[in-house]
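One line per chain: the protein sequences are W and X, in this order. Each residue of the first sequence is one higher than the last, beginning at 1 in our numbering. Each residue of the second sequence is one higher than the last, beginning at 1 in our numbering.
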Amino acid sequence: MPRRPDSATRARRLLVLLPLLTRGETHTVADLAAAVGGTAEEITGDLMTLTMCGVPPFSPFDLIDLEIDGDRVTVNMDLPAMDRALRLTGPEARALLGALDVAGHDSAAPVRRKLLAAAADDVSPEELERTLRAGAALEGVAALYSTLAAASEAHEKVRIVYLTGATGRISERVVHPWVLVDRLGTWYVVAFCEDAAEERVFRLDRIRSATPTGETFEPPSMPPHIGVTPSPGTLPVAEVVFAPGTTPPDAQAWPGAISELRADGSTLVKVPVQSVAWIARQVAAYLGAAEVTAPESVRTAVRELARHLARELA
Amino acid sequence: MADAAERLVNLALFLASRRSFVTAEECRSAGLGYPDDQDTPTFLRMFERDKDALRAAGLVIGVGRDEEVEAYRLDAAATFARPVTLGAEELATLRAVAAALAGDPGFPFGADLTLALGKIGVRPDAGTVAVSDLGLDAGAPPSPLVASLAEAVRLRKIVAFDYTNSAGEIKHHSVEPYGLFFRDGWWYLSALDRDLAEVRTYHTGRIRDLETNPARPRTPDFERPGDFDIRNEERLPFQYGQDPFDAELRFAPDVAWRAARVSHDRGSLTTLPDGSALWRVEARNATALAGWIVAQGPGIYAVGPDSLVETLRVGLARVADLHA
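Here's what the structure looks like:
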């Protein structure tokens, strides 16, 4: 069972909630819960608490007058005070900038400056920039993220130019961006690809450009499958042996990988293979410290890739 | 007796509704919810905690004097924010990132993020679809630990912990935490090791039994060097090692646009007449750099130094022989 927030945490949430309660407006509890966090039950409890709050002398006219009817809340009076949003505290500014880091917006992004204008005087933007980096701000990815987020909201088709990493093929496609997915710091967009006529996953850092087409799409009737990693049960498995002393990739780097330390100090890694080109490149990158033992098709792909790269080098 | 949260909101409303300074005793007698039968020392301790809680929520409470007694007043200009005006794409970005991160246990600042967005009036939109998995798999980043480290960084408090190094040895470290960065599913702490007197990078997944110096919690324990910048600590995989050298990599014209992305603002990029991009970057591990070149995909070539090219050539020959 989730732990009930302490009083200070609840009070903090209540003080964020207060300015949202404008006289004459009706809100749903779900909307307010989304706005300040917490479950609908917790927010209903918070609202009940607020009806007991006010200013001296605490006559009925001095208490916050809310009408709570099921999941609807109507505000019947102007608040006696605290009717404006509070400035951001240091931890809140840190959370916002961290989130924007994750979305690829670096220190030069205008949105960061706008948000920090709402921060308390003792919050140092420079110190935050110098002490926290919650994500890599890759060149151009922030703009892609914003374009795709807006297109996803508006159900607008987007034309993308995409590099398939393992093969180097560059293609132009029209996609329906369904959902943005961050896995371990790398953003993907799960989309319906009109050219492939099926759902595909695209890494944002391999999208060269994204341009809304102006056409809209029907969102999927069922929630899309949002996984960006292969389903181990449905894919062939490659077996890769890593030499003693070599740190093998974990399940984060090689999704679905299972490792087994062997008596001679080597490590056997079994990994589901969605793309032979991908696993060949991954193994070749170990420069001889890793060997595919099965299947033969992957061994061949690794050998051919190594020879091809060696010829390029020459 | 009033619920403590109710008392705190009452105190906030009381301070915000008064223009003049008010004393603790006036707050006590205003019916805000302080127990009637409380002795004065206990009340004053509770009142101090309440002011701290309100300050943590964002209220700036000024301290002055009412005759000879300490008194308090809300600094409205410092407490309340001006409205923030955001563009449509900025709002969409924030809604998407909020939807993705607020519920991701791998993001250590989810609760603060939700309240921050609540303050600036950005509500996660049910129509925005974005999700995040910053480390839900086995060995996930321990968010409470990272949150504690982030607070120690912010407040400049010394921390101590047991750390398991890559050789499996466990040692106790006392450090001055300077900053945190996230890469490939893990948070890393950059800190001055007080015994070694050098700045080290610690994998937070290897930290156990973290303790923040409890002494004088409102007073920083150390000064962070003025030139410290976490962006300089977050190195590329081939930039760890003892012997630095300058490497040159070429990106073929059709993937030259990738150079700016994969370089992470490291080194310098030059566009060549044929449209390819030349990246000059400091490296410290030729084998790691050669492997990185192969892993990054087609169209990236080692130009120099010769030792790098040779490392790559020998490594690729070994791969081909091993799979013959």
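C-beta: ideal position from N, C-alpha, C; glycine also. Fair warning: this is a prediction, and the values are worked out from it, not measured in the lab.
- Here the segment 246-256 of chain W lies against the segment 271-291 of chain W, with 3 or more beta-carbon pairs under 8 Å apart.
- The beta-carbon of Ala191 (chain W) is placed no less than 7 Å from the nearest beta-carbon of chain X.
- For the beta strand (DSSP E) assignment, the uninterrupted runs of no fewer than 3 residues enclosed by the segment 169-209 of chain X are, from N- to C-terminal side, 170-183, 186-193 and 198-203.
- Contact check between the segment 83-102 of chain W and the segment 109-121 of chain X: three or more CB pairs, one atom from each, fall below 8 Å, which counts as touching.
- Between Thr9 (chain W) and Leu289 (chain X), the alpha-carbon positions lie close to 47 Å from each other.
- Under the three-state reduction of DSSP, Gly54 (chain W) is assigned to strand.
- The beta carbon of Pro108 (chain X) lies closer than 7 Å to those of Ser143, Val146, Ala147 and Ala150 in the same chain, with the five residues before and after it left out.
- At a beta-carbon threshold of 8 Å, the residues of chain W lying near Asn10 (chain X) are Cys53, Gly54 and Val55, ordered along the chain.
- Taking the Cβ atoms as the reference, Met48 (chain W) lies roughly 7 Å from Ile68 (chain W), within the contact range of under 8 Å.
- Beta-bridge annotation (DSSP): Thr167 (chain W) is not paired with any residue.
- Assigned with DSSP and collapsed to three states, His105 (chain W) falls in coil, not helix or strand.
- Contact between Thr44 (chain W) and Val29 (chain W) holds: CB atoms are separated by about 6 Å, below the 8 Å threshold.
- By the neighbour-count definition (other C-beta atoms within 10 Å, threshold 16), Gly245 (chain W) is an exposed residue.
- Pro91 (chain W) belongs to the set of residues whose beta carbon lies under 7 Å from a beta carbon in chain X.
- One Cα belongs to Leu144 (chain W), the other to Ala102 (chain X), and the distance between them is close to 21 Å.
- By alpha-carbon distance to Arg303 (chain W), the top candidate from X:His323, X:Thr85 and X:Glu248 is X:His323.
- For Trp292 (chain X), the uninterrupted alpha helix (DSSP H) run begins and ends at Ala286 to Gln296, by DSSP.
- Within chain X, no residue has its beta carbon less than 8 Å from that of Val175 (chain W); the closest one is some 14 Å off.
- Non-local C-beta neighbours of Leu261 (chain W) in its own chain, meaning closer than 6 Å and more than five positions away in sequence, comprise Thr267, ordered along the chain.
- Within the same chain, Cβ atoms closer than 8 Å to the Cβ of His264 (chain X) are found at Glu234 and Leu236, the five residues on either side in sequence being excluded.
- Short of 6 Å from the beta carbon of Ala290 (chain W), and not among the five residues preceding or following it, lie these beta carbons of its own chain, in chain order: Val240, Phe242 and Val283.
- Annotated three-state conformation of Gly31 (chain X) is coil, per DSSP.
- Taking 7 Å as the cut-off, the beta carbon of Phe21 (chain X) is found no closer than this to the beta carbon of Arg95 (chain X).
- Using beta-carbon distances, His203 (chain X) does not count as an interface residue toward chain W, since no partner is under 7 Å.
- Taking a cut-off of 8 Å on C-beta distances, the segment 101-119 of chain W does not touch the segment 151-158 of chain X, as fewer than three cross pairs fall below it.
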